[in-house]
Amino acid sequence: MYRPPSSRSANAYQRINVETSMHTIDQHRLVGLLFEGVLGAIATARGALARGDVLTKCNAVNRAVRILEEGLATGLDTVDGGELASNLEALYDYCTRQLILANARNDDVVLQQVARLVETVAQGWSQIRTGEAVEA
670 MYRPPSSRSA NAYQRINVET SMHTIDQHRL VGLLFEGVLG AIATARGALA
720 RGDVLTKCNA VNRAVRILEE GLATGLDTVD GGELASNLEA LYDYCTRQLI
770 LANARNDDVV LQQVARLVET VAQGWSQIRT GEAVEA
């Protein structure tokens, strides 16, 4: 389908803006956005499960799993991160497996448990920056 040049130009500028913001975004904020993405996807999955919307539930669980695996887990510094990085890696792996199980069994309780685990880590992550601001 043909789109007028102004529409194509606007889309190109929008893509550039997103790409630029991703390159300049604070790394701490980026991890915070990943946590928000996981929690949002789990909330979407829970809502879809309650409505019986299987496709939306599956897509949301897949999105949460991808963020955990491709965003949070791959961002860990397992060389210099020591025990903390290893523990987070194990936690993300556990959450991933639990999400897959919850998806297969339509288990809202497991979705809630994973959300609570991720929320705890996300809160700790957000307090790191707050703690730095207080110390400064």
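If you read the sequence shown in the numbering used here, its first letter stands for residue 670, the second for the next number, and so on.
Don't be surprised by glycine CBs; every beta carbon is placed ideally from N, CA and C.
Under the three-state DSSP convention, the category residue i falls into
i    : result
G721 : coil
V778 : helix
D695 : coil
A710 : helix
A805 : Unreliable placement is indicated for A805, whose pLDDT of 47 sits below 50; the coordinate value is still reported in the next sentence. In the structure shown, A805 sits in coil (DSSP, three-state: anything other than H, G, I, E or B).
Residue closest to residue i, alpha-carbon to alpha-carbon, out of the options
i    : options                   : result
A714 : R798, E788 and L780       : L780
T789 : S755, K726, R735 and L760 : L760
H697 : L741, R720, N772 and V787 : L741
R766 : V748, D746, Q792 and Q782 : Q782
I736 : D762, G750 and R774       : D762
D722 : N775, R798 and L745       : N775
A771 : C727, R720 and L703       : C727
A712 : D749, V778, S755 and E739 : V778
E738 : C764, G793, I797 and R720 : C764
CB-CB length for residue i against residue j, believed under 8 Å
i    : j    : result
A717 : A729 : 6 Å
S640 : G709 : This structure cannot settle anything about residue 640, because the visible part of the chain is limited to 670 through 805.
F704 : A784 : About 11 Å separates the two Cβ atoms, so there is no contact after all.
L745 : E758 : 6 Å
A754 : T743 : Wrong, their Cβ atoms sit about 12 Å apart, outside the cutoff.
Test: residue i CB closer than 8 Å to a CB of chain B
i    : result
V707 : This model lacks chain B altogether, as it is built from one protein chain only.
Contiguous alpha helix (DSSP H) assignments of at least 4 residues, all confined to the region 737-797: 751-774
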